[in-house]
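What follows is one structure encoded as structure tokens, with my remarks underneath.
Residue numbers (this note's numbering), protein chains in the order written: chain H, 1 to 303; chain Y, 304 to 976.
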């Protein structure tokens, strides 16, 4: 039984996230068409606050000397396609049932690392943001060989938070931040179980589709959440809400699965309208296939 | 407890088995953390409740069945606490239920009112009676009386018990037990029992040849009580008596005087029921914090015609915290026909008759008469007439006295030597039919006593005669009884009833020159008895509960009591019970007031208010244990009864219920689905 309260990414199970991510990415790269690089044409894109990991070359020294603030100058390369990763590290992501090999957060980290690996191999820049979570360090958009290592470090340190509710303003704040930072034509991948999120979260996330960006929601579920294969009368306690449900699983399974489909539809409808998609997977799925599905979604291909 | 019984009770531990099976079958609902719990339908709670109801009903039925089986196996050890008739030989029994209906049974204890407990006990005993059992019922209120002679008709017993009610009588338990034992004597049942359902406030009885038991312990639970037992108004003050059985009962309480309008009848001041119009309190006096009888005095602002006293606070019996105030009885008017020349003492002053009357009672108004009245109107003002040494009565006087006696008058004739010279048409009637004066050479005494009021001290009746006596032998009128005789057997004192009245005839005059009578205690006892007879016929304005009221046989009597109209007077047969020293009272109709309170008595065209009070001894007595506790435990009624049959029926019912539940439950489930 998963213990969400103390859930951490099972790095022991993933002996080396870096290795696994590379393996997954290599599997992906061998099967997809490489993207063309269009050079490094630079266009000033504005300022933002410095975050650890930013390239110090872009630090605005004048502002630092005049105002004592760490401000980074942003540049856009039209030929580069940025990958903005947003990983959900709420309490529900730490869930791991007996049927699963790893928690949802660990699977999400694997997918995020693999996606970043693919993007970096293509010369794109990658950023990382978190939704909740403990010891989570966001990563500014950057590229280069060291970025992968930084991303791996950030993913390895994260721990799912418990009892931290995500309300509407907080989610909107995340979306605003992504909207400001997101480059034109970027791919925004939100890796989450899409549970316990604000009611209008899907609409907010769909707003990122402006300026040619592609929002993709990658829903990661545990096999138990996918199948609802409990036996006998059970009492189910929610992870992030004071809710306990007594139920007979055999009697309510169909209704639960219907509700699960409906929750996916609530995300699919606004995303499809703006060119985005929802990619569904479970922690027991082949990550390569999941990654391919994400990349196809990024290229606008419907599953 | 035998080994088999213990083993049977141990079977009760098997009740854990269905509980264990139930737990295994039902299993414990497991709790999981599940992030998608919000998507799980909540309607499944209903199915869980349905499962719970089904399981628990079956579990309870099975557990109860096993417990019932264990208790049934432990029988006869397992019994319930209720009264029943014990049958040592298994045969029919003869029971005499002595039910105490005295005032103390009104008290309430923690178990309820004693009277209700006693009735319940009697009904429980009756429910265990079988065909062939003989049951008698004796009421232990003073005087002890038989409510039902021994009978095997259980329906009659049941009806008699339902008609019993508690009274304000004193307790007469000793006589009641003896009466019950006498009822059972001679019955064919091999086992005879006297069961006393009483608080045993008066437990003076001897077991005799038939065992007596008092099975109801709750009746003997102590209960604090205070009661106003008597209240007499004397002018503008009230002398009252309060009885408390404990000091705690009297602590912090006081007696208040409440005036009541004169028209409020006795029926409104029912004992135990508050008056409809609450009286207004005018004065009060505090009780001393001590048990026993207290005499208090209260002052009234005005002369209230009818008043009530209220006792503040509360105790185990609220009915006796209110009492009616009786008016002091008016003076008894006595007409005395005496020759002062013969009956006066040498030193002068009042005659010895007047002095004796004044000595016996301070409430006597003596009216000396020169002649015996010759009309009944003249006699109507007198309650008593004393004629000393008459020289004969004229026909007019005899007729007037006869009529006066028939209405309840009391006459005393002290006959002496003047009776020798009877004039023409004169006679000594209604005192005697004749009689002649006999000179005695030596003083003679009286030794043969046939009544209880004559003093029997050594020498009190010796040498009563001085010069002679009037021989009454052969001069007795019909119906005369000799209460005292001379040494030679000649009657000295005769008593005869005439209508409602009484005639006393003495064969000696009051003159100290002729007899020693006026100088002996017998003289005062004679007048005391005379006034007692007068009081009994006139009707006391205040009396004790159960003290009988006598009336003329032809009188039209209506009595309104505290609980409503009373039945008309009737000639006592069994009512009078054990003792009655007054031979004339047996033949007169009587009424026995059973409740304390104010009574309105109307005899022919005359009305009178009478107040009946409690006996203080009935209040201050406290319950006690039976004289022989060991014997009362082992005999009589059992307080434990075998309940095997009931348990077996319960077990059968439980098994039937489970069967029905198993059959009907699937049907109900289908319909619900």
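Ideal placement from N, C-alpha and C gives every residue a C-beta, glycine not left out.
Values in this document were obtained by computation on a predicted structure and should not be read as measured data.
Check: Since residue 432 of chain Y and residue 400 of chain Y should fall inside the 8 Å C-beta cutoff, what is the C-beta to C-beta distance between them, to a whole number of angstroms?; Outcome: About 10 Å separates the two Cβ atoms, so there is no contact after all.
Check: Under 6 Å Cβ to Cβ from residue 836 of chain Y, same chain only, skipping five residues before and after it: list those, please.; Outcome: 713, 805
Check: Looking only at its chain, what residues have a beta carbon closer than 7 Å to the beta carbon of residue 873 of chain Y, apart from the 5 residues adjacent to it on each side?; Outcome: 892
Check: Exposed or buried, what is residue 224 of chain H when buried is set at 16 or more other beta-carbons lying within 10 Å of its beta-carbon?; Outcome: buried
Check: With DSSP run on the structure shown, which of helix, strand or coil describes residue 328 of chain H?; Outcome: Any answer about residue 328 of chain H is impossible in this case: the structure gives chain H only from 1 up to 303.
Check: Name the residues in the stretch 156-170 of chain H whose C-beta lies less than 9 Å from a C-beta of chain Y; which are they?; Outcome: none
Check: Drop a sphere of 10 angstroms on the beta-carbon of residue 512 of chain Y, count the other beta-carbons inside from all chains shown, and report buried for 16 or more, exposed for fewer.; Outcome: exposed
Check: Distance, Cα to Cα, residue 53 of chain H vs residue 150 of chain H?; Outcome: 8 Å
Check: Counting only Cβ pairs nearer than 7 Å, list the residues of chain H close to residue 340 of chain Y.; Outcome: 236, 237, 238, 243, 245
Check: Since residue 92 of chain H meets chain Y, which of its residues come closer than 7 Å, beta carbon to beta carbon?; Outcome: 338
Check: Using CA coordinates, which residue listed in Y/815, Y/468, Y/530 is at the minimum distance from residue 619 of chain Y?; Outcome: Y/530
Check: Beta-carbon within less than 7 Å of residue 962 of chain Y's beta-carbon, same chain only, minus the 5 sequence neighbours each way: which residues are those?; Outcome: none
Check: Give me the chain Y residues within the contact set of residue 225 of chain H, using Cβ-Cβ distance strictly less than 8 Å, ordered along the chain.; Outcome: 337, 338, 339
Check: My guess is that residue 249 of chain H and residue 228 of chain H are in contact by the Cβ rule of under 8 Å, so how many angstroms apart are they, rounded?; Outcome: 6 Å
Check: Might you give, ordered along the chain, the residues of its own chain that have their beta carbon closer than 6 Å to the beta carbon of residue 953 of chain Y, omitting 5 neighbours on each side?; Outcome: 371
Check: Determine the burial state of residue 299 of chain H: buried for a count of at least 16 other Cβ atoms within 10 Å of its Cβ, exposed for fewer.; Outcome: exposed
Check: Where does the unbroken alpha helix (DSSP H) through residue 256 of chain H begin, and where does it stop?; Outcome: 249-273
Check: Does residue 870 of chain Y pass the burial test, meaning 16 or more other C-beta atoms within 10 Å, or should it be called exposed?; Outcome: exposed
Check: Straight-line CA distance for residue 679 of chain Y to residue 911 of chain Y?; Outcome: 22 Å
Check: Straight-line CA distance for residue 520 of chain Y to residue 628 of chain Y?; Outcome: 37 Å
Check: On the three-state DSSP scale, how would you describe residue 285 of chain H?; Outcome: coil
Check: Would residue 233 of chain H count as contacting chain Y if we go by Cβ distances under 8 Å?; Outcome: yes
Check: Measuring CB atoms only, is the stretch 691-708 of chain Y touching the stretch 740-752 of chain Y, in the sense that at least three cross pairs come out at less than 8 Å?; Outcome: no
Check: Residue range of the beta strand (DSSP E) that residue 784 of chain Y falls in?; Outcome: 784-789
Check: Decide if residue 900 of chain Y is buried, meaning its Cβ has at least 16 other Cβ atoms within 10 Å, or exposed.; Outcome: buried
Check: Around the Cβ of residue 139 of chain H, are there at least 16 other Cβ atoms within 10 angstroms (buried) or fewer (exposed)?; Outcome: buried
Check: Does DSSP classify residue 213 of chain H as helix, strand or coil?; Outcome: coil
Check: Can you tell me whether DSSP reads residue 469 of chain Y as helix, strand or coil?; Outcome: coil
Check: Keeping to the same chain, check which residues put their C-beta closer than 7 Å to that of residue 287 of chain H; ignore five residues upstream and five downstream.; Outcome: 24, 110, 111, 114
Check: Please state whether DSSP places residue 147 of chain H in a helix, a strand or coil.; Outcome: helix
Check: Starting from residue 235 of chain H, follow its DSSP beta bridges and name the residues at the other end.; Outcome: H/246, Y/334
Check: Would you mind telling me which residues of chain H sit closer than 7 Å to residue 972 of chain Y, beta carbon to beta carbon, in chain order?; Outcome: Result: empty, since nearest Cβ-Cβ is about 14 Å, beyond 7 Å.
Check: To which residues of the same chain is residue 829 of chain Y closer than 6 Å at the C-beta, ignoring the five residues directly before and after it?; Outcome: none
Check: Quick check: what's the CA-CA separation for residue 814 of chain Y versus residue 535 of chain Y?; Outcome: 38 Å
Check: Suppose you measure from the CA of residue 133 of chain H to the CA of residue 275 of chain H; what does that come to, to the nearest Å?; Outcome: 29 Å
Check: Using a Cβ-Cβ distance under 8 Å, would residue 266 of chain H count as near chain Y?; Outcome: no
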